[in-house]
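Engineer:
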Amino acid sequence: MELHEKESGNVKASEQNKELLLNSLIKITNVEFNNLCENSYKSQSKLLKKAYNRTNSLRKIENLKMKYELFVPHEEYTTTIIPFLYKKVKTNPSVNLYRQASKFLEAYGCVKEAINDRLSTVEVEACFKLYTFEYFSKNTIR
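Following the UniProt record's numbering, the numbering of the sequence shown begins with 1 at its first residue and continues without gaps.
1) In three-state DSSP terms, what is Val89?
2) Using 8 angstroms as the threshold, is the C-beta distance between Leu97 and Phe128 below it?
3) Quick check on this structure: which residue in Tyr52, Ile81, Glu15 and Cys37 has the alpha carbon closest to the alpha carbon of Thr132?
4) What are the boundary residues of the beta strand (DSSP E) that Thr79 is part of?
5) Beta-carbon within less than 7 angstroms of Lys27's beta-carbon, same chain only, minus the 5 sequence neighbours each way: which residues are those?
6) By Cβ distance below 8 angstroms, which residues in the same chain neighbour Lys87 in space, the five residues on each side in sequence not counted?
7) Return yes when the Cβ of Leu36 is within less than 8 angstroms of the Cβ of Lys50, no when it is not.
8) Counting only the same chain and skipping the five closest in sequence on each side, list residues whose C-beta sits under 8 angstroms from that of Asn17.
9) Do the CB positions of Ser40 and Leu47 come within less than 8 angstroms of each other?
10) Is Lys112 a contact residue of the ligand NAD, with contact defined as CB to any heavy atom under 7 angstroms?
11) Under 8 angstroms Cβ to Cβ from Thr91, same chain only, skipping five residues before and after it: list those, please.
12) With a threshold of 16 other CB atoms inside 10 Å of the CB of Leu25, please say whether the residue is buried or exposed.
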């Protein structure tokens, strides 16, 4: 009897973790949609589809993360006139880009936390298969 209760508890926890991942995917897609709306004049339905297409796989989300990390102030090395000599330069992106990047990176942290801490790779794949455009548009928060 105790074994059955333990298994049912694990199933409930697994379902809750899947819901957490799906909610964090919806959140990151909403952040990307809001960022696209600020920078584009296209219709919202096209931007919604574009935001979904940019965030419908883990690889695409990681590529977006790398893009948004460039909008956070950081130091980088640039070349000088003298070959093999580099100097440190601080980047200074606009406030709007920094705000968008920080929102996206925060949402990305939620997704990574849900994936790394709680779910196996099989469960993550199942969640991404379940995460369709219809599911997103039905559960989206505008």
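Heads up, the beta-carbon is just placed ideally off N, CA and C, and yes, glycines get one too.
Structural biologist: With the structure as the only source:
1) Shown here, Val89 sits in a strand according to DSSP, grouped into three states.
2) Result no, Cβ atoms of Leu97 and Phe128 do not sit closer than 8 angstroms.
3) That would be Tyr52, whose Cα lies nearest to the Cα of Thr132.
4) Bounds of the beta strand (DSSP E) holding Thr79 are Glu75 to Thr79.
5) For Lys27, the CB contacts under 7 angstroms within the same chain, skipping 5 residues up- and downstream, are Ala107 and Cys110 in chain order.
6) Only residues of its own chain outside the window of five on either side were considered, and among them Tyr77, Thr78 and Thr80 have a CB closer than 8 angstroms to the CB of Lys87, listed in chain order.
7) Yes. Within cutoff.
8) Correct list, in chain order: Ala114, Arg118, Leu119 and Glu123.
9) Cβ atoms of Ser40 and Leu47: closer than 8 angstroms.
10) Inclusion of the ligand NAD in the displayed structure is not the case, the ligand content being empty and no account of it being possible.
11) Leu70, Pro73, His74, Glu75 and Glu76, listed in sequence order.
12) The residue is buried, with at least 16 neighbouring Cβ atoms inside 10 Å.
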